[in-house]
Every structure is written in structure tokens, then in C-alpha cells.
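Numbering (the numbering used here), first residue to last: 209 to 686.
Written as C-alpha cells, this is what we have:
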């Protein structure tokens, strides 16, 4: 292992006060930061992780806690909805530590680096795309740099980072410069497991249940390119999967070191390769791991034979992105699935007693109110154990955002409104109001969950579901 003299790095997960997060009681490990931390540790750099969201810190408290660690570099992650909070953390950090190097990464800033730098003069570097190799190269480049302020310090800083691929930064005149792009990491087995030892892992919960914190990312990249989704742009259109042995090594670590009885494979396309999925299942069985696991799947990458085989190793639940009960709307989304494939996937899961979660959205541009009602009806026909309803949110970096932005149909630039429960699009252009879409969201939750047949079939989970739905409805009307 290489050892370097000692650029100290602090990675921060900013506070997330979005109603959509608090409604679900989400306190999830910041997996992206933990991957970067592990990669830095592997190459000898001292790194710490401060999860301000876990502790509900204010931005000022976050900066105070950060300053006690005396870092040379502070890196903050941001989604669209947490961008405002992340930039406020950076501003507070710079006030507390005037000479520290600040950087930010995540899907939002990857596609809006110039805007992000313009919004926050205290920000030095935007990391574009995958962060592991870029963070390491930045740490190496900035060794021994004591200050980034002042003319001499700024000149030295720019000289050191100008050859680091995959970043954006300001030059000496304040203009934004883009380094050459960084190629995607092809060998995902070369990335160490997330540095969960750097956070109080036992404190992470979903719906107040610790088991759900066992998240594992087994692949990157998506070839499907749905108009509303950023995955293929962020992680590439080529599917890159970890080996079965590498994946199950992490499963075993979570089971044995942290005592988890369940894990969740959170990548979009776990079922993309049936061969790899079966190899992972076989490896779990071969090691005798008594563990339940869940995964996400497109409805057209799964069948009953595969589900039956995977269940033998502990598959217990599947998450399906359905999105609409209208074939016309699915085609508008470039979803590349059919309603019949949706029905077949849910039927196959139900036949094998697999717990199902279905995701549905309202308000795709061009969708009618009648088609939204078709989606509600379709959700009840499919009978998932849990139905998740959201309002379409056009995130920067997606083809849909670019299209709507150029057409002047984005009505809100307040990034903290991008919560899945707020209408971001000017729906008046489509003949109805954003408030009508919000009411459709509430109607969907009420119509799906208040059916006597659903209540009777889910008495064991009803208290949890009822609380979550109550909070989601509260968020929707806030």
C-alpha cells in the first residue's frame, strides 16, 4: 500500500430537510462518500466522514464539527434537493477555515458545474462524474498546499489541479475551466467496499428499522436511457457489474461484522445479466449465508424461472419502476416496456411469494388527467405490497430537463423543491394546474391504501405503512 504525507480529507454529507426524506424517516449511509473514503484510505490518505444529515446538524454546526478535524480538503456531496444545503455548508466551512480547499460532487453538479461555481464563490472544485479516482488524484496534487487564498496561493493551487481529469474550477481571472473528462472505472472489483467503519453504521434506519441500511451497489451503468432518468448519463450506457465473489464478500461482511439479516442491492439493473444474478445467488448459497435480500429490476429483465432460482438464496422482495398505466405515456418516457410485461413481472413475483414494491409517477409532459387515473387503476390491478407514487421531477442532466428548460416549461429554479412531491413543470401549458397534479398524488395514496382488501392483507405492516403514507400526504400538501 502506498503511503503519502498527509493531506487530510474530510467528506461531508449535508443536512437534508426535504419533506420527502423526513416523511420516509430516511437515514441512509452516504454510500458515494463511503466509496470515495475507502478509495482514499486504500492509497494511504487520512480521511474522515461527517454525516451532518444523520445528526440533523445545522450548516453552522457542521462547519464547527468540521473545523475540529483540521482537514486540508473538505468534500461535500449533493443531490439536486440538497444542493442549497451543501453550498451553505461549504460557505460555513470557509468561514470557519479560510484556507481549506473545498470541493463538491454528485449528479446535480456533474451537469451544472458552471452554475454551481457561480452560485458559491467559496467553492473551489466541482468533481464531475465518478469520484473515486478524481478524489485520489486531487489529494495527491494538493499535498503540502497550506493555503488557497491570496494571489500566490491561488496561482499554486490552480497549477496543481489543472491537470486533474474530471473537474471544473475557476482560473486566476475567475473564468470556469474544465479539465479533460475522466474515463469511467471499468473494473469495479478494484474499488474497495464502502468505508462503513467511518460512520456510526448502527444508527442508520429506514422506517425506524436498522435492517434496511444494508445497501450494496453491485453495478454501474444503464443502456436504457429513459428520458426522465440520469443513470445512463451519469454512469454510462454500458453495464458494468462486479463479480459474484466480490459482491458476496460484501454481503458476508455486512452479515458477520454488522449482524445484518437482510441486504438490499440498490443498483437499477441487478437483473440485467441473468447469469451474473444466478452466480451471486449460488455464491450466497454455497457460503451458507442465512440472509434475505432485495433488489430492483426492470419488468423486462426478469421472468418466473429467474425469480424461482434467486428465491432459493434468499430473494425476498423486488422493486419495479412501473411509472405509468398508460402505454402511450410509457412510450413518451422512452421507457421501452409494455403493460403486459409489467403484469407478467408482478404475476411471476406473486406466484413465488416475493414482496413487491411498485413505483408510479404523475405529471409526465403530455400526460392527461385521464391517463393519471389509468395509472391509479393499474396500480390496484397489479397489487404490489407497497405502492410509491410521486410527481415527475425533471432533474438536471436528464434529456427531459434539457427539453423542458429549452421550452420554458420549468417553473421553479429552487432546487430544494425537487422533492418528488412538488410540481416543477408549468402544467398550465398542458391544460391543468400543478395543484391538480398534487391532488392526483393524494388521490392515488388514498385510493390504493384505503381499500379494505389491502388493509386485510397487510395487517402486519399496516402501522408502518399508515405512518409513512400520512407523512407523505402531509409533505404533498405542505
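We treat Cβ as the ideally placed atom computed from N, Cα and C, and that holds for glycine. None of these values were measured; they are calculated from a predicted model.
Coarse secondary structure for residue i, derived from DSSP in three states
i: residue 340; result: helix
i: residue 311; result: strand
i: residue 603; result: coil
i: residue 230; result: Note on residue 230: pLDDT 48, under 50, position unreliable in the model; the coordinate value appears next. Correct three-state label for residue 230: helix.
i: residue 596; result: strand
i: residue 457; result: helix
i: residue 616; result: coil
i: residue 416; result: Reliability fails at residue 416, whose pLDDT of 49 lies under 50, so the model's placement of it is uncertain and the value that follows must be treated cautiously. Residue 416: coil per DSSP, three-state reduction.
i: residue 359; result: Low confidence applies to residue 359: its pLDDT is 42, below 50, so where it sits in the model is not reliable enough to give any reading.
i: residue 466; result: coil
i: residue 216; result: coil
i: residue 508; result: helix
i: residue 587; result: helix
i: residue 498; result: coil
i: residue 367; result: helix
i: residue 428; result: strand
i: residue 544; result: coil
i: residue 633; result: strand
i: residue 151; result: The chain is shown only over 209 to 686; residue 151 falls outside these bounds and no answer can be derived.
N- and C-terminal bounds of the alpha helix (DSSP H) containing residue i
i: residue 240; result: 239-250
i: residue 298; result: 291-304
i: residue 688; result: Lying before the first or after the last residue shown, residue 688 is absent from the chain, which here runs from 209 to 686.
i: residue 441; result: 439-443
i: residue 270; result: 267-275
i: residue 547; result: 547-559
i: residue 538; result: 535-540
i: residue 281; result: Where residue 281 is concerned, there is no enclosing alpha helix (DSSP H), although the beta strand (DSSP E) it sits in stretches over 281-285.
Which listed residue (the options) has its alpha carbon closest to that of residue i
i: residue 652; options: 604, 577, 640 and 609; result: 577
i: residue 687; options: 619, 428, 278 and 353; result: No statement about residue 687 is possible, as the shown extent of the chain runs from 209 to 686 and does not include it.
i: residue 512; options: 544, 553, 451 and 661; result: 553
i: residue 565; options: 595, 445, 559 and 590; result: 595
i: residue 251; options: 313, 334, 347 and 315; result: 347
i: residue 603; options: 314, 491 and 309; result: 314
i: residue 371; options: 349, 335 and 465; result: 349
i: residue 586; options: 306, 570 and 363; result: 570
i: residue 432; options: 484, 544 and 362; result: 544
i: residue 330; options: 352, 294, 242 and 516; result: 294
i: residue 599; options: 238, 572, 582 and 307; result: 572
i: residue 298; options: 288, 281 and 289; result: 281
i: residue 309; options: 617, 546, 274 and 660; result: 274
Nearest-angstrom beta carbon gap, residue j and residue i [assumed within contact, 8 Å]
i: residue 217; j: residue 283; result: 7 Å
i: residue 244; j: residue 343; result: 5 Å
i: residue 322; j: residue 384; result: 5 Å
i: residue 366; j: residue 379; result: 6 Å
i: residue 588; j: residue 528; result: With 8 Å as the limit, residue 588 and residue 528 do not qualify as a contact, their Cβ atoms being about 15 Å apart.
i: residue 223; j: residue 260; result: 5 Å
For residue i, the residue or residues it bridges with in DSSP
i: residue 503; result: 473 and 526
i: residue 256; result: 218
i: residue 334; result: 312 and 376
i: residue 386; result: 376
i: residue 423; result: 472
Cβ of residue i within 8 Å of any chain D Cβ
i: residue 239; result: Going by chain labels, chain D is absent from the structure shown, which holds only one protein chain.
For residue i, the first and last residue of its enclosing beta strand (DSSP E)
i: residue 377; result: 375-378
i: residue 568; result: 563-570
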